[in-house]
Amino acid sequence: MTLDEMVRCLGNGNTSLQKLATSIVFFFCLSDVSCNSVEQKIYVELNNTVPCVRLLNATHQIGCQSSISGDTGVIHVLESESDLEWPLSKGPNPPYMVLLESSLFTRSIMMKMKNESNRVAGVAVVVPNTSPPEFSPHTTCPNENTGVYSDNYGPNLAHCNTTVWNPLGNGLSYEEFDFPVFSLKEDNETEFIKQCYLDHNRAVNGSDPQYPLCAMQLFSHMHAVTNTPTCMRRNDINFSINPEMVCDPLGDYNVWGSIRPYNDTVFGHKENESVVIAAARLDSRAFFWEVSTGAEGSISGFVTLLAAAQALREVTHKAPPTRNILFAFFQGETFDYIGSSRMVYDMENGKFVIDLDNVHSILEIGQVRTCVKNLVNNLQSSTTGLSFLLVEPNVSQPLPPSSLQRFLRAQPIPGIVLADHESAFNNRYYESFYDNAANLNLTYPSDFSPEEQLEFVTETAKSLTDVATVVARALYKQAEGDKSLVNTIKADPKIVTQMLYGFLVSSNNSWFQAVMAPELKNILSDAPEYYVGVAMSSTPTRLVQYLLANLTGAATNLTQSQCQKPDELPNESRQMYSYLWVQGVVPPNSTQRDSFCVRASVRLTKAVSPAFELGEYASKDYSTWTESRWKFIKARIFLVASRDLEVKLDHCSPNQTGTNSGFFCCCFLTHDR
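Counting in my numbering, the sequence shown runs from 278 upward without gaps.
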């Protein structure tokens, strides 16, 4: 018997049947039989959901959460903003679980529901397969309190007073909602939910819907509350052998490499050493947890920098420039410049291989440009024979949100941020899940296989190849390389197109497989996501580490054991180089890979805010962002027979029956009123 049939048999007011139902459920529990089968008949689990989670900083918390036992509400499909009247005031069966299309996921609607949260149990947003005209849940002024401008320095330029960088930002990602908010895919699961609503919940001819009603339950209870100082203090309270942590600092690793190696055990200032830094950021974010795609916001930049690094490999070996070039890929920049502020902190405190006095200049590939004359001249003169012109902004404007700002807070250093627009972001989907492959016009012929798509040079790849060529030539000039060789420097469009495919379509492709370590092959799957998170050494970090090593390093004849212990060999040094054993390609007519050892001056260094090393959890100088912990995330729908016959899962404990089901549950029919 299905749940629908059971409800029809029970009716709404038959007391004897209610007692019978209660007896049946107690029979299951008292007989020590797992209630899993009963639960499966009652609930339909939703598998393609992603939650909004809670983040905290020095002053407050943002994001979403459910109550500790999950939040339940009768489903209402919102059809327009005026339709909010039903869940917020008119509907007779609150609280409501509001299902809305992405076009209605606006600040106006969300804030109205936030203000009437006693009638809203939660929100489910249907994310379509196509993108809306525009959507950015970020603020209009990203990282406004942790850049170079402040009330004490350039107050007229601080807080986006001169230029609003993200005018489309609605700020939803930085609001706090005391109910759960989940995303749903536009698929059969969502259609099933909508059909359940139509069958049971929709008012007909002005009459109230009758029981049974279709309901949804969302679980996303967060452990951390208030702010980062509070949750970090709770982390330090140790009343048990296994203390429970409630939050973790956001962080990962920065990836960096240089054309001439540095001894990674010798830190601090290097006499007579001048370094040009080329930088890009690795991370992005979205309103929902771990669905950050960052195509234009971050991937276009770091792919361009990787291609530029590869373009410089041959010429810097043939004619090394006077200055060194250091490639830096920063993690956590979305959250108040975590990665760049950590590198600056390490440089200031003798914890990095160079210090700030060694930095000659910085070229960053970001979303907006600003100018320093010598760098601009080098960039402009590097566009010869390419398909675009480099143009300076024709008005004076502040430096856009960029890693360069963290270096300038510490020391005046010449620098430039390079991108394809002059003032406000042209990215219509800044820091949203719509900043994806489609936003970069990354398209492939419909009849191409995945391997053919990997090799297909898209128009986007061609454009970024030209930018990478300009960057590589400018860096070589800035580092005082041989001017006669500048125009021989060219980025490879095939490498660019393979990287775009791997980072935006599928990382589980033949080229990425070849350049990765055997023990890391399992991280290759679909397109990675670019939220910095709290799990150190994320997939994007590892991918960029291994790609940078393969694109700038050298293949050696070392065996696998020698690659793991290079210091035992006379001409090798782990202090100067990293040694990475990679899978290699599968030759034709073979099933075995040609694995080999790559030697490269590529390193990982911590991208965790200095605030957590210093214990300054309320710092105004450094990022203080943390992510709350939680026990589990779950979403499901079911039918509510009546207010007096709502089925609840009141208690679960480890299975003692000797079966493999893992848990048994005691289920009770309870009265809410």
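Virtual Cβ for every residue (Gly too), placed ideally from N, Cα, C.
Check                                                                                                 : Outcome
With 16 other Cβ atoms within 10 Å as the buried cut-off, status of S343                              : buried
Exposure label - H546; buried when at least 16 CB within 10 Å                                         : exposed
C-beta atoms of A877 and A794 nearer than 8 Å                                                         : no
Inter-stretch contact (C-beta, 8 Å, three-pair minimum) for the region 585-593 and the region 506-513 : no
For R913, the residue or residues it bridges with in DSSP                                             : E322 and Q494
Alpha-carbon to alpha-carbon, N392 and L652                                                           : Per-residue confidence for L652 stands at a pLDDT of 44, beneath the threshold of 50, marking its modelled position as unreliable; no derived number is given.
First through last residue of the beta strand (DSSP E) which encompasses M374                         : Y373 to E378
For I554, the nearest candidate out of S723, A605, V885 and H498 (CA to CA)                           : A605
The region 564-582 in contact with the region 619-632 per 3-pair CB rule at 8 Å                       : no
Residue span of the beta strand (DSSP E) that contains F544, given as start and end                   : No beta strand (DSSP E) holds F544; DSSP gives it neither H nor E.
T868 (DSSP reduced to helix, strand or coil)                                                          : coil
Helix, strand or coil at D759 according to DSSP, with G and I counted as helix                        : coil
Closest residue to L527 among Q852, Y807, A687 and S366 (Cα-Cα distance)                              : Y807
Under the three-state DSSP convention, the category R590 falls into                                   : helix
Whether S784 touches R331 by CB criterion (8 Å)                                                       : no
Beta-carbon proximity check, K798 vs Q860, cutoff 8 Å                                                 : yes
Endpoints, alpha helix (DSSP H) assigned at Q837                                                      : Q837 to Q841
Contact belief for P887 with S618 at Cβ below 8 Å, rounded distance in angstroms                      : 7 Å
Beta bridge counterpart(s) of V885 as assigned by DSSP                                                : G528
T903 beta carbon less than 8 Å from that of D525                                                      : yes
Proximity winner among K595, M388, R705 and N786, relative to P444 (alpha-carbon distances)           : R705
Through-space distance from D724 to P520, alpha-carbon basis                                          : 55 Å
Pair within 8 Å by beta-carbon distance, S385 and E358                                                : yes
Residue range of the unbroken beta strand (DSSP E) whose run includes N601                            : N601 to F607
Paired residues, beta bridge with T903 - DSSP                                                         : L333 and P526
Endpoints, the beta strand (DSSP E) within which D623 is located                                      : D623 -> not in any beta strand (DSSP E); alpha helix (DSSP H) instead, spanning I615 to E625.
Cβ pair count under 8 Å reaching 3, the region 590-599 against the region 431-448                     : no
Beta carbon of L323 nearer than 8 Å to that of A912                                                   : yes
C-beta contact flag for T349 and N447 at 8 Å                                                          : no
Inter-stretch contact (C-beta, 8 Å, three-pair minimum) for the region 728-746 and the region 772-780 : yes
For T599, the nearest candidate out of G643, A501, Q755 and A749 (CA to CA)                           : Q755
Same chain, Cβ closer than 7 Å to A687, five either side skipped, listed in chain order               : V621, E625 and L633
CB of A596 within 8 Å of CB of F579, strictly                                                         : no
Collapsed DSSP secondary structure at F665 in the structure displayed                                 : At F665 the pLDDT is 48, less than 50, meaning the model places this residue with poor confidence and gives no usable figure here.
Top-ranked residue by Cα proximity to P371, from S394, I602, E378 and G431                            : S394
Contact belief for A714 with V782 at Cβ below 8 Å, rounded distance in angstroms                      : 6 Å
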